[in-house]
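Chains as they are written, first to last, in the numbering used here: chain A, 88 to 331; chain B, 88 to 331; chain C, 88 to 331; chain D, 36 to 307; chain E, 36 to 307; chain F, 36 to 307.
All residues carry an ideal CB built from backbone N, CA and C; glycine is no exception.
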């Protein structure tokens, strides 16, 4: 956590946050299943000011062949930020941060995807952050689950993701960019609500053991909100008035 | 086009250019076929102050094999500038400009080379710019045609190349470095005179539609001059007094 | 040689060097055979303030296969400095200096290793400089020989290495860092004492032909001192009180 | 070893057969570009942006504007750089990693089309002569591919620049410092429009879609400015053009370009 | 094509069978880390260093301290960077070349554990505000591998920092200049301790060795500070944790962490 | 999998058989270098240049001279950097891409031979102490290969430096600024000459050609200066030398070197 000094009031006397939200209220979330023509499955998410596009290809052949596995399919995930997605124009080369987040999201999705159903093949998940606003990895993971479902990849459950954190000595849901910069802790959580399993968990910032427990609970609460929106997005595409 | 302000008089009242040439006159051109011991074919060109060496290998096996094509041979071209070839010492790593020019020259040569005569193999054209002076790509392309012929690669025609352009509101042949920096337009042309086909064409700078037509005509005129020198170089090597 | 001006007295009136040594005296040398759990063979050397660890793997399969040789085994050597091994923190990317030293050490070891005994395979020697103090390549080569022996690789002889050089117009043994910076010549030598063959030889700095001869003689003298310590290290491990 | 697939051959045969009847696979006239949809300000946190669909090719362009050092000998001009990248989700054949020659050419052609038209008046983007200038970075990312990325990227970049607001900086203690409330439009002198034509057999077609792109013998991209002049051109592909074809392509680019230019203007108006 | 080896499968089966009897392959209790040996000042010419063995995993960490430019907008803080590298002599499977995702994650998790604990008081490492600060670089190199490098590297880096002396610099003619005799300890506010736990079946084990590491379904690394608070966490592996397991791992990390912290303090005292 | 080709084996056998009769494949004496042709000012726009043929090995060297920042702690000395590159047209086996260990060694040995002789008086190449110095960059490109590039590149670089004119710069407003008409020769103190010898069986041969190069057991490159002193040496190849051989090679390098030095001087005179 940056822990920078700032004049910003993160939480006012009425328990209202700097962007007008209550402590347990997520930012505006909009999820759309589908949208891309060439990808086998896709999804688009707006999560606060995050705008993220996910495309899925597969199951498909693996090149070079020795990277494939005769017993199971493999999942490959690339998390990538556009040069214009952040305040200072980003260098196009993949950063160490992007490589780590790709790995963390991959390991958060693997428990959900039934990879053993398609041995020797790969499923590729390409995550493109068009605009970033704090909490990109949770937004990306949530959209990736929808894109995998849209591609018809068999799954045990969807992974929903939301961060909890600490600011102004209070545990809050869905840390925004200002709260991340000026706040005390950020804990992204990925969760499979039906299977009750945490598949992504990270923490930066200091929490007492009691706050730690509260933070995990708060994050899971947020994941359940996201889960409903994920299901709604898929329902809209497959049973709604068709793709908009 | 740089379009820089300059005190340089690009064209005087008698229609004479800054280096003493008339508007439709190319710079001094010297082409030599052969010269390298190890290459299967080679050529050296001096085109104004450009000094360019081209070596050709092939048809030869392709590694890795999956890059080859069972139906046709492939042409590979590398355009490369020496560190000492330009005013500011050039970084040895291939620049994006060099990669683009390699591609443009490759696509200018492909219509001339009978690649279908040697399926599964590759012909490699290595272009080395020892000294650069504006118009390197035309000089390089002209020398590459001669080197391919010298290597005995079957060809439909040779590609001759020369730039036309605009300076002092006049369409001129064979833009030199000063004219390129201070001028209004530069249009490199690659042309197969016998087949009457334009195989390289680029333009930087503003031309009216009428000037555009004049410029293409002027460039083709230059290509025909170069073509005669290409044929002369090959004749000298194969039917002349032998290699000097 | 840097040849920098310095107030340092490299050799006093009694023939004593800046670190208290006599002209033909090497720095403190400690060699230990073995030590690493996973490597097939290993060695650790302290040579003055140099601290170098060497691990050997092999003979083992070569990937990719086309790098292997049906007639003989191949030796691969990587000389690598840790970021904290030198005064200014070193960039982790391999430097051109490290690549050259890797090659020089490889070619110094090849005459000693009976590579024809294990065709199609490779022996890998990984040299890690934990702390550098001038003369790393000699220390590394000496340790690598011990690590190869520890791995049970059949050898014709061990290569012992030590530098000679010139400082204060005198030929000296085992140039230290200060003498290298301020001195007049540095000549690293690798030598197989039983076979009487010089397998590594380099020189930076100016020597008369007579000094050149003296310098080679002095270096070989140092190699013989190192050789005894190499044999002692192996004896201690295999016939001593066991590994400490 | 690669080999032209039988399906590709059949498609090319079908495309040619239709062209001989004056028709295209998707029903367009030979000189008719695909439907163009321009959404500006798609990335509100950037200084300018556009999302463009040209048929089923889709590109997002974001413009970032920030202080930079001038290039040597160019101390009285701001900086303009335009890039293009094919995202791997845009097509199953796209690979991650450093860009290949095709993508490098794409980026450089799109950059030159805008640069050579002098669209942005770079002389107005100087903070302090020789020391600090304004850099305008227009980064295109391709999110869906169906041929002719040259025009899709050029339109996205042009629309994004037209929509851009540049902050104002002043030098304070030798450091470029943001001036609050100093925002203004990027100074624009002309609207360049690129028109890409493919040659299949002896036919010239405007804005080739994905299948047409794979069947082309050669292509030409011509950029014209608001005055109807030609300001940049790039021939590509392993075939050639006759003199007459090159002149004809110039005429088409002026005619088609002027229609596209109106769409770009409308998009800007609509977005404001 | 790769395939889980039969031996790996058998090992995992054996590990699980033992765990069902409350036992581990090397006889440890489930929440018992391996033997930890810390040698400080192993690299005397560095500003600080440590050589750490955790079971048969061995890491050398060297700390270099040198003047650097501050990060933008961070002109009042020094710089701390921690890296980790697997040397090819540490295991036959390690390849040379740029680090893969596993090693990048390792380095970043070790870095964050120390960074988020605010172990080093970076505000004390400023030479001149906004111009020049002190950079502390802690580079870990793994020389022998037997599982759980997260903790081995974290302990090596922490011990190396605790042992470090920082020179003093002052600005002279705009250049940071060494002040002779100005050496002091690096300003430390807390001692972070990382504890890595693996999940095999339904069992949580502390400090997995190499065989256990290959058999894990998932892992979690939790760093606690001297106050017993949790300051960094990373879940890894392709399995998941229940809520209860996550809370339990937090408790284990506090308990085990406090014992390790004592060892780190002793190593520092012993080295002085 | 690679394997020494039968033809290579036969060639080596033939070379050895001839050597036993005191002969070489191309009729030279054992200590006789190949014909050396030096053309200076081959690249007139560079600050100095040379095109050198040594037998059928051919190298072009261009020297660029430009202001640069001094290396840290070297503020009173100019910069000298010498590189070498094998162009892919020089031999069918050369691959494009970053240089391998062979080419890196080649470049570094050629650089050290010139550097260690103190050929260029770098103390005269200072524009302003600690701030700006003159950099001399001698870049060799190999255009035809037939063995022994060490000497061919060294001669090309040395001839190019001898032919170089350096512009003059003065600091104006903290920027190195060209002084018109201030051109002068590069300050040269000695002429280094590298002599490369191969060992085949028990024979030492000077300047091995391509076939001899492939048949060598080991090689040694020794650079001598104008005083006949030895100033740089590099042993290579996977064989060894006896003490006597090493001393003998030193003697040969002095003797052969002095003849080559005369040719280099003549080339400089001829070019002026």
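As assigned by DSSP and simplified to three states, the class of residue i
| i | result |
| --- | --- |
| residue 262 of chain B | coil |
| residue 122 of chain E | coil |
| residue 213 of chain D | strand |
| residue 102 of chain F | strand |
| residue 302 of chain C | helix |
| residue 129 of chain B | strand |
| residue 252 of chain E | coil |
| residue 153 of chain F | coil |
| residue 215 of chain C | strand |
| residue 116 of chain B | strand |
| residue 98 of chain B | strand |
| residue 330 of chain B | Residue confidence for residue 330 of chain B is low, a pLDDT of 46 falling below 50, so the modelled location carries little weight; the figure read from the coordinates is stated next. Correct three-state label for residue 330 of chain B: coil. |
| residue 243 of chain B | coil |
| residue 186 of chain E | helix |
Beta-carbon proximity of residue i to residue j, cut-off 9 Å
| i | j | result |
| --- | --- | --- |
| residue 251 of chain E | residue 270 of chain E | no |
| residue 179 of chain D | residue 92 of chain D | yes |
| residue 261 of chain A | residue 271 of chain A | no |
| residue 273 of chain B | residue 290 of chain B | yes |
| residue 276 of chain A | residue 327 of chain A | no |
| residue 259 of chain E | residue 227 of chain E | yes |
Those residues which DSSP pairs with residue i across a bridge
| i | result |
| --- | --- |
| residue 85 of chain F | F:75, F:96 |
| residue 314 of chain A | The partner list for residue 314 of chain A (beta bridge, DSSP) is empty, contrary to what the question assumes. |
| residue 276 of chain D | B:285 |
| residue 208 of chain B | B:148 |
| residue 275 of chain C | C:250 |
| residue 180 of chain F | Note: residue 180 of chain F sits in no beta bridge, so no partner. |
| residue 104 of chain C | C:98 |
| residue 175 of chain F | F:96, F:119 |
For residue i, the nearest candidate out of the options (CA to CA)
| i | options | result |
| --- | --- | --- |
| residue 143 of chain C | C:180, C:194, C:122, C:152 | C:122 |
| residue 148 of chain D | D:189, D:300, D:95, D:183 | D:189 |
| residue 250 of chain A | A:303, A:203, A:211 | A:303 |
| residue 230 of chain D | D:246, D:69, D:107 | D:69 |
| residue 54 of chain C | E:95, E:123, E:124, E:107 | This structure cannot speak to residue 54 of chain C, because chain C is shown only from 88 to 331. |
| residue 214 of chain B | B:190, B:201, B:200 | B:190 |
| residue 90 of chain D | D:245, D:157, D:66 | D:245 |
| residue 280 of chain D | D:113, D:253, D:297, D:194 | D:253 |
| residue 156 of chain E | E:106, E:115, E:62 | E:115 |
| residue 324 of chain A | A:160, A:238, A:283 | A:238 |
| residue 235 of chain A | A:150, A:103, A:317, A:148 | A:317 |
| residue 188 of chain B | B:160, B:224, B:198, B:173 | B:224 |
Interface positions of the segment 137–168 of chain F facing chain C (Cβ-Cβ less than 9 Å), listed along the chain: Those would be 137, 139, 140, 142, 143, 144, 147, 150, 151, 152, 153, in chain order.
Contact set between the segment 275–303 of chain A and chain E, restricted to residues whose Cβ is under 8 Å from the partner: Only those residues of the segment 275–303 of chain A whose C-beta falls short of 8 Å from the nearest C-beta of chain E are listed: 279, 282, 283, 284, 285, 286, 287, 288, 289, 290, 291, 292, 293, 294, 295, 296, 299, 300, 303.
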